Amino acid sequence: MITILIIVAGIIVTFLLAYAIVNFVPRKLHWIISIFLIAIAAFLVYKINFEIQKPINFNKEKKVRYAKVIEQLKMLRDAEVAHKKVTGTYTSDAEGLIQFIDTAKFALTQTRNVPQTINVGGGITKEIEIRVVDTIGYEDVKAQFAGKDYKNMLEIPGTTEKFKIEVGEVEKIAGLKAPVFEIKVDKGLILEGMDINLVKQEKEAIGGEEIRGEFLRVGSLGEVSEDGNWPPFYDKGDKKNKE
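Per this note's numbering, the very first residue in the sequence shown carries number 32; after that it's consecutive.
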């Protein structure tokens, strides 16, 4: 819209100047006007190009900023998943989560079927197999975070703020509740210092290749989910690393 207004304004100004030159300016001064018009034309070209490039540059920069925040959110999600695997629940203690990674261990298990004879009544017995889970060792949780800067995973990149973790419960089926967690950060904080109007548009995004809504988020307090709300292309690096 701004670009269109600049173009329209430029056409109107050019027309008015041309009319004024032809009707009111002496011929000997036309060269001065010409230089002035060339300067105006150069300025308009610059402004139009600037307005065209502004959203392009904004999109490039926002993706760089988002990618850094998403990497932290993924790390926090992995930590929460590990915490649930070991303790049975998520935690809102962000600093304690770092200590958990440093000290906790996963139990390594092995499942086997054990034959057992049961009495079904009337002196009749039946051979069945029951499943037994044995603990065969332990693995440091920290091993899953090798090469990752998990000590600083609470820092929101590009800001002085820290992530806040919320936990709760949702009812999956009647009478059965499941633990949930959510970590989110306002897009406005991530994009601070960028064009205000473009940031406002970004916070109104409805999905597709964009991140829906006002927040960058992982997990949910409204449903059982450990997913993030970002589009799949932010996860391409993860797939390459697994390969």
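Just so it is clear, CB atoms sit at the ideal spot from N, CA and C, and this is done for glycine as well.
Since the model is a prediction, treat every value here as computed from it, not as a measurement.
Local Cβ density within 10 Å of residue i, reported as buried at 16 or more and exposed below that
i: G224; result: exposed
i: Y121; result: buried
i: I242; result: buried
i: Y169; result: exposed
i: Y181; result: buried
i: Y97; result: buried
i: Y77; result: exposed
i: G259; result: buried
Expected contact under 8 Å - CB spacing of residue i and residue j to nearest Å
i: A135; j: V172; result: 4 Å
i: I132; j: F176; result: 6 Å
i: L229; j: P86; result: 6 Å
i: V255; j: K203; result: 6 Å
i: G189; j: K115; result: That pair is no contact at about 29 Å.
Cβ pair residue i, residue j closer than 9 Å
i: I149; j: K157; result: yes
i: I129; j: L185; result: yes
i: P263; j: G239; result: no
i: E111; j: E200; result: no
i: T191; j: D165; result: no
i: V117; j: F137; result: yes
i: I83; j: V44; result: no
i: V145; j: I161; result: yes
i: K93; j: E233; result: yes
i: V216; j: I237; result: no
Contact between the region 208-226 and the region 185-197: three or more CB pairs below 8 Å? Judged by Cβ distances under 8 Å, the region 208-226 makes contact with the region 185-197, as three or more pairs qualify.
Is it a yes or a no for the region 247-260 touching the region 104-114, going by three-plus beta-carbon pairs under 8 Å? yes
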